[in-house]
Amino acid sequence: MLPRDTRAGLSRRRFLTASSALAALAAAEGLPGWTRPAGAFGGRRSPPLPSGDLFSLGVASGDPFDRGLVLWTRLAPEPLAGGGMDPVPVDVEWELATDPGLQNVVQAGRVVARPEWGHAVHVKLWNLEPNRWYWYRFSVGDRASRVGRTRTMPAGDDLPARLRFALASCQNYQAGFYTAYANMAQEDLDLVVHVGDYIYESGISDGAVRPHNSGQVRTLDEYRDRYALYKLDPNLQDVHAAFPMIVTWDDHEVDNNYASDVPEDDQPREVFLARRAAAYQAYFEHMPLVSSARPTGPDMQLFRRFDYGRLARFNVLDTRQFRTDQVCGDPLATRCPDAVAPETTLVGQAQEDWLKSGLKGSQAVWNVLAQQVMMMEWDLGTALGAGEALYNPDQWDGYPNSRQRILDFVAAKEIPNLVVLTGDIHSSWAGELKPDFGDPASPVVGSEFVTTSISSSFSPQLVPLAAGSLPFNPHIRFFEGLRRGYLRFDVTPGEWRADYRAVATVLEPTSAVETLASFRVESGRGGVEAV
Ligand code: CA
Ligand code: FE
């Protein structure tokens, strides 16, 4: 996320009618893997289950569409020691209701938690009603999870009056508590978008508010235990239980600042790809993702699209798996010739083509990119008196041609109301996107909102430097670096509003939250205005 030399400082049961159960069976994904009920119906006998909370990691939902979504849980009675399950498949039952008390169950079924996938389950639901809340629960025998709440998207041809959602990024466990999530869980939201650094792979650091459970993680078992550590946090569990979450990753889900098959530190490509495969598998196991995202070795299909009716289209990007290596040096770099080489790309050709077709084919009022690294240009060198522009090569600034092709496409095709949502940099930013950032007359073709971190730190020493750089980057309208939190959006057909929500401290599990600043974008006009 940040220049490398500054990282140290920044650094559930009710018997259902046969018809509804059959309907659910028919609708559910992974049908061949399903088993008959154990015990009463003469199904497979299971060995005794371990004691402990099978549902220690909570429940989650995600990847919502108008007629369905994905429900998630993972059986882990010993979450920090490999999960604690015997290496055998286990039947998990689920039920979905239209009320918090689960009196009116509309679907239910059974899925197999398999040891080779960490006893995680991903249940894809179909045939739901659009644009409504549902409640769900998992169970094994008489042991049940908590009840989670989730929501489908509006129908594709519907223009909803309003969407409220939050953006989260960067939740380094060691840097603080998930105070922000305690507050986010209380917000009136339809969904949450998470743009990465859900875990950090690093070892135990001195002065950690909450130390990591191990040294740097590299193996599947280690990544699993790391996800378990993070997901044990009650505030994070409350957010997952309250809203569907759309997720994508950044670098720390694998290795700091990695690019495709190039790790941070020198190691053989095969060694790193084996690590990436372990990291991607653990990511899939712990996220509410559709099975099309299930990784094959070191490859995983994560970029995908979500339509909130015709109000907003979310293009969720993967800016790590397909990027060419950061080429121009560390930590800040001039724009060296390799950066503008035609083959230099942040998203890869296939994803770029997919994105352009998704923008061009969109009928949405708001066209959103949910992604990791800052897209707007940020020259820090001029402010530092370096006599030349210096950029963070890990951001879109390190891949200017990639950015240029996308912003030129948005301008040429007159894609309306581009809004880019960003994380990674552990600080709050707002700005405008232009095909030529150096030309005041260059049209504004989009807006960018960068969320601060949930907990990860941003070096206080960098705050005045970044603040001092704003006059040299007139398209950047807001920066704040000292506060942790999240972004809250209130979207209507006429306006996109952003509230920068900041907690008082992350040294305590709970604290007050306030709105530091608010901005709006008027539909059809572009440009970020302070409210
Ligand atoms: Ca990052
Ligand atoms: Fe981060």
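So for the sequence shown, the numbering used here puts the first residue at 2; every next one is plus one. Glycine is no exception: its CB is placed at the ideal position from the N, C-alpha and C atoms. On a predicted model such as this, the values are computed, not experimentally measured, just so you know.
If you draw a straight line from the alpha carbon of residue i to that of residue j, how long is it in whole angstroms?
| i | j | result |
| --- | --- | --- |
| R502 | Q364 | 30 Å |
| W118 | Q282 | 8 Å |
| A167 | P48 | 42 Å |
| V328 | V272 | 22 Å |
| D251 | Q372 | 8 Å |
| F139 | N184 | 26 Å |
| L517 | A499 | 11 Å |
| V529 | L55 | 47 Å |
| P212 | P444 | 47 Å |
| V507 | P235 | 14 Å |
| F315 | Y179 | 26 Å |
| A176 | R336 | 32 Å |
| G527 | G362 | 20 Å |
| H287 | T423 | 22 Å |
| S12 | Y201 | Summary for S12: the model assigns pLDDT 31, below 50, so the residue's position carries little reliability, and this model does not support an answer. |
| T346 | A121 | 34 Å |
| V532 | F520 | 5 Å |
| H241 | L303 | 19 Å |
| E353 | R306 | 13 Å |
| A431 | T452 | 9 Å |
| W397 | S470 | 18 Å |
| R404 | M376 | 7 Å |
| R147 | V106 | 16 Å |
| K414 | P338 | 29 Å |
| E481 | W379 | 14 Å |
| S512 | R485 | 11 Å |
| A313 | I416 | 13 Å |
| Q238 | P461 | 30 Å |
| G525 | G110 | 46 Å |
| V291 | D308 | 16 Å |
| D207 | P161 | 49 Å |
Can you tell me whether DSSP reads residue i as helix, strand or coil?
| i | result |
| --- | --- |
| D64 | strand |
| G84 | strand |
| V240 | helix |
| H253 | coil |
| N132 | coil |
| Y201 | coil |
| T180 | helix |
| Q302 | coil |
| V341 | helix |
| V366 | coil |
| V106 | strand |
| G34 | Residue confidence for G34 is low, a pLDDT of 36 falling below 50, so the modelled location carries little weight; the figure read from the coordinates is stated next. Residue state, collapsed to three classes: helix. |
| V529 | coil |
| E265 | coil |
| A24 | Here A24 scores only 42 on pLDDT, less than 50, and its place in the model is too uncertain to base an answer on. |
| A1 | Outside the shown range of the chain (2 to 532) lies residue 1, about which nothing can therefore be said. |
| N246 | Reading off the sequence shown, one finds Met at residue 246, where the question assumed Asn. M246 falls in the strand class under three-state DSSP. |
| V328 | coil |
| V141 | strand |
| A97 | The sequence shown places Leu at residue 97, rather than the Ala named in the question. In this structure, L97 counts as strand in the three-state DSSP scheme. |
| A442 | coil |
For residue i, write down the residues that DSSP places opposite it in a beta bridge.
| i | result |
| --- | --- |
| I477 | G432 |
| D234 | According to DSSP, D234 bridges with nothing at all. |
| K125 | V71 |
| F490 | F166 and A499 |
| D92 | V113 |
| F450 | L422 and A431 |
| N214 | None, per the DSSP bridge assignment. |
| Y309 | A313 |
| R150 | W136 |
| W195 | Trp is not the amino acid found at residue 195; the sequence shown has His there. H195 pairs with A169 and V248. |
| T297 | D300 |
| A260 | V263 |
Looking at chain B, is there any beta carbon in it that lies within less than 7 Å of the beta carbon of residue i?
| i | result |
| --- | --- |
| E286 | Note that chain B does not occur in the displayed structure, where there is just one protein chain. |
Comparing the CB of residue i with every heavy atom of ligand 4, is any distance shorter than 6 Å?
| i | result |
| --- | --- |
| D198 | Within the structure as shown, ligand 4 is missing, the only ligands being ligand 1 and ligand 2. |
If residue i sits next to residue j, beta carbons under 8 Å apart, how far is it from one beta carbon to the other, in whole angstroms?
| i | j | result |
| --- | --- | --- |
| A82 | S57 | Contact doesn't hold; Cβ gap of about 11 Å is too wide. |
| I426 | Q172 | So it is not a contact: roughly 14 Å between Cβ atoms. |
| F479 | S429 | 7 Å |
| A156 | T220 | Their Cβ separation, rounded to whole angstroms, is 44 Å, which puts A156 and T220 out of contact at 8 Å. |
| M154 | F66 | 6 Å |
| D100 | W136 | 6 Å |
| G197 | S62 | That pair is no contact at about 19 Å. |
| K360 | V348 | In the sequence under discussion, the amino acid at residue 360 is Leu, which differs from the Lys named in the question. L360 to V348, Cβ: 13 Å. No contact. |
| P116 | P80 | About 15 Å separates the two Cβ atoms, so there is no contact after all. |
| E449 | L434 | 6 Å |
| N402 | P343 | 7 Å |
(request) Tell me the start and end of each unbroken alpha helix (DSSP H) in the segment 502–527 that is at least 4 residues and wholly inside, in chain order. (result) none
(message) Suppose only complete runs of 4+ residues qualify. What are the alpha helix (DSSP H) ranges in the segment 375–431, listed by chain order?
(response) 401–413
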